Amino acid sequence: GQQLNQSPQSMFIQEGEDVSMNCTSSSIFNTWLWYKQDPGEGPVLLIALYKAGELTSNGRLTAQFGITRKDSFLNISASIPSDVGIYFCAGLISNFGNEKLTFGTGTRLTIIP
Amino acid sequence: DGGITQSPKYLFRKEGQNVTLSCEQNLNHDAMYWYRQDPGQGLRLIYYSQIVNDFQKGDIAEGYSVSREKKESFPLTVTSAQKNPTAFYLCASRPNPGGQPQHFGDGTRLSIL
């Protein structure tokens, strides 16, 4: 099955820095989703994007649905220790009741003391 | 509280043994999913079910089986035919209509003794 190209694979930043990560695909998606996963737990939905060009914020998080429908980015401003974890993008294609959600390979965020 | 419950949290299997992972949801969601997660990789779809008594193979269904006899339950059996079963297994569900984000349980980690 297809997986999205997500970058970077890992990031090491200092507390207070801004973070940016993105996902690209050769396929068009109807919906882009961003999840965060803490160790040993399931992914938690952060932001859902439903329209090309849409820019959505959730607190310090901002995500955009690319105008071509083949990419999305997630920004985190003023990072804090609880932002540590793995971030996944996911693209959803929905055709006549058939749905397929494809996940990126994840971006591991580490905050350096 | 409404949510998705996976059990057990940790599971150990002897070689040649079948094991069943439980997934229960009280969200009244129609669609349920099983994913496998390996280190450094995104989530890969094993099986999904959009309605009771119906399920479809995902990208990596070989060595797995499922049933969907009740709306709230979607158990996954890892059979002895699955040669590399050690992984983190995640169950998800989503509300109808389609195009809605999936929400995840907290996962079951399966290891081979």
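Quick mapping for you: the protein sequence lines, in order, are chains B and Z.
So for the first sequence, our numbering puts the first residue at 4; every next one is plus one.
So for the second sequence, our numbering puts the first residue at 246; every next one is plus one.
In this text, a Cβ means the ideal position worked out from N, Cα and C, and glycines have one as well.
This structure is a prediction, so every number in the text was calculated from the model and none was measured.
Item, Value
"Could you name the residues of chain Z that B:P46 contacts, counting a contact when the two beta carbons are closer than 7 Å?", "F349"
"Just the chain B side, please: which residues come within less than 7 Å of Z:Q286 by C-beta, in chain order?", "T108"
"Candidates Z:V311, Z:L256, Z:V297 and Z:K259: which alpha carbon is nearest Z:A276's?", "Z:V297"
"If you run the structure through DSSP and keep just helix, strand and coil, what is B:S82?", "coil"
"Who are the near neighbours of B:L95 in its chain, counting only those whose CB is closer than 7 Å to its CB and skipping five residues on each side?", "F32, N33, T34, L36, E102 and L104"
"Spell out a yes or no on whether the region 51 to 70 of chain B and the region 311 to 319 of chain Z are touching, meaning 3 or more CB-CB pairs, one atom from each, closer than 8 Å.", "no"
"Against Z:P320, what residues of chain B qualify as contacts under a CB-to-CB distance less than 9 Å, listed in chain order?", "In chain order: nothing, as chain B lies at least about 17 Å away."
"What does B:A51 reach in chain Z if we use C-beta pairs closer than 9 Å?", "Q345 and P346"
"Taking a cut of 8 Å between CB atoms, which residues from the region 25 to 36 of chain B lie near chain Z?", "N33, T34 and L36"
"Indicate the three-state DSSP secondary structure (helix, strand or coil) for Z:Q286 in the structure shown.", "coil"
"If we ignore side chains and look at the alpha-carbon of each, how far apart do B:S2 and Z:K259 end up?", "Since the first residue of chain B shown is 4 and the last is 116, residue 2 of chain B is not available in this structure."
"Give a yes or no on whether the minimum CB-CB distance between B:S97 and chain Z is below 8 Å.", "yes"
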